[in-house]
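**Student:**
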Amino acid sequence: MSNGKQHLFIVTGSSRGMGAALAKRLVAPEHRVIGIARRTAPELTGMEQWEQDLAQPLEAAERLQAWLTGQAPFASATLINNAGVISRPGPVEQTSLAELSNAIRVGLEATLLLSAAFLQGTRPWGVPLKILNISSGLGRRAMAGSAPYCAAKAGMDNLSASMALDEAARPNGARIVSLAPGVIDTDMQVQLRTADPAGFPEQQRFIEFKASGALMSPDEAAAKLVAYLNRADFGSQPVADIRQA
Ligand SMILES: NC(=O)c1ccc[n+]([C@@H]2O[C@H](COP(=O)([O-])OP(=O)(O)OC[C@H]3O[C@@H](n4cnc5c(N)ncnc54)[C@H](OP(=O)(O)O)[C@@H]3O)[C@@H](O)[C@H]2O)c1
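Per our numbering, numbering of the sequence shown is gapless, rising by one per residue and ending at 246.
#1: Could you say which of GLY122, ALA233 and ASP197 lies nearest to PHE75 if we only look at CA atoms?
#2: With a cut-off of 8 angstroms on the beta carbons, I'd call SER97 and TYR150 a contact; round off their distance for me.
#3: What residue range does the beta strand (DSSP E) around TRP68 cover?
#4: Classify GLN53 as buried or exposed, calling it buried when 16 or more other Cβ atoms lie within 10 Å of its own Cβ.
#5: Short check: CB of ASP188 to CB of ARG39, under 8 angstroms?
#6: Mind checking who ILE11 pairs with in its DSSP beta bridge?
#7: Please determine if the segment 174-183 and the segment 129-142 are in contact, where contact requires at least 3 C-beta pairs separated by less than 8 angstroms.
#8: Spell out the partners DSSP gives GLU49 in its beta bridges.
#9: Which first and last residues belong to the beta strand (DSSP E) in which VAL178 is found?
#10: Just verifying my parser: in three-state terms, what is the DSSP assignment at LYS131?
#11: Where GLU209 and GLY5 are concerned, what is the direct C-alpha to C-alpha distance, given to the nearest angstrom?
#12: Could you spell out where the beta strand (DSSP E) holding VAL240 opens and where it closes?
#13: Of all the beta strand (DSSP E) runs that stay within the bounds of the segment 149-229, which reach a length of 3 or more residues?
#14: For the 8 angstroms Cβ check, are there 3 or more pairs between the segment 191-204 and the segment 159-175?
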């Protein structure tokens, strides 16, 4: 079957939070949307959902690569690496090794491997390609009690900037942005507000975000991300913040 008139969107972390809002917003007759998460969300209709653990990033990327290789070219293709994990806030030696590994595998290794698989699978199509990596202000400043999360996001930023240099050297290379999305009312914020403050000195800030109404709804955040994705200059600034866009 020809995919030629459809635009492909792959969204990780699509089962809840901002990823679910983003996937929902992208569903349209001319879009083929694929969500990837450990669980599916029954309320997300009009799209495909892959149950895939991104803590096994090699398996996930090989699945994506095999699927893309079997597809006829789409009109364009976009990968949104949105899945992210905050391990229980606290110093690293008080966090299990498995939890530390999970945060880096899902937050950083999956981003790298899925991006590579995406470029390998879609490059032969010769169509416009975009990668949007969902970063955080915490990739750009350190926060006590959150070392693996800060490291994953800092890694994501420089991964994106470096990949963008490779793509800029190619004719019609992919456009890549690592974007901090602002603060959003999701499970991740609940985790931060309810953490043990003993190993997490900034906890009060997160309690105040909620109390003062500073958190965006997932839908509001998703609307801003889609508008950003559609900007004509998408990719001109590989490391960006939606609050300064
Ligand atoms: N919320 C904020 O204020 C905020 C601020 C800055 C940046 N961000 C970033 O924005 C993105 C979305 O955050 P959110 O707040 O929407 O997070 P969230 O509510 O915690 O949702 C995380 C998503 O990632 C998926 N995920 C987690 N572990 C996974 C795994 N092993 N395999 C596959 N999928 C996995 C989850 O699905 P399953 O559990 O079903 O697997 C879920 O869909 C993240 O990258 C986050 O770092 C958020």
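Each residue gets a CB set at the ideal place from its N, CA and C atoms; glycine is no exception.
All values derive from a computational prediction rather than experimental measurement.
**Tutor:** By the coordinates alone:
#1: GLY122
#2: Their Cβ separation, rounded to whole angstroms, is 15 angstroms, which puts SER97 and TYR150 out of contact at 8 angstroms.
#3: Taken as a continuous stretch (DSSP letters only), TRP68 belongs to no beta strand (DSSP E), being part of the alpha helix (DSSP H) at 58-70.
#4: buried
#5: no
#6: ILE35 and LEU80
#7: yes
#8: ILE35
#9: That run of the beta strand (DSSP E) goes 176-181.
#10: strand
#11: 48 angstroms
#12: 240-242
#13: DSSP runs (the beta strand (DSSP E)) wholly in the segment 149-229: 176-181.
#14: With the cut-off at 8 angstroms, the segment 191-204 and the segment 159-175 do not touch.
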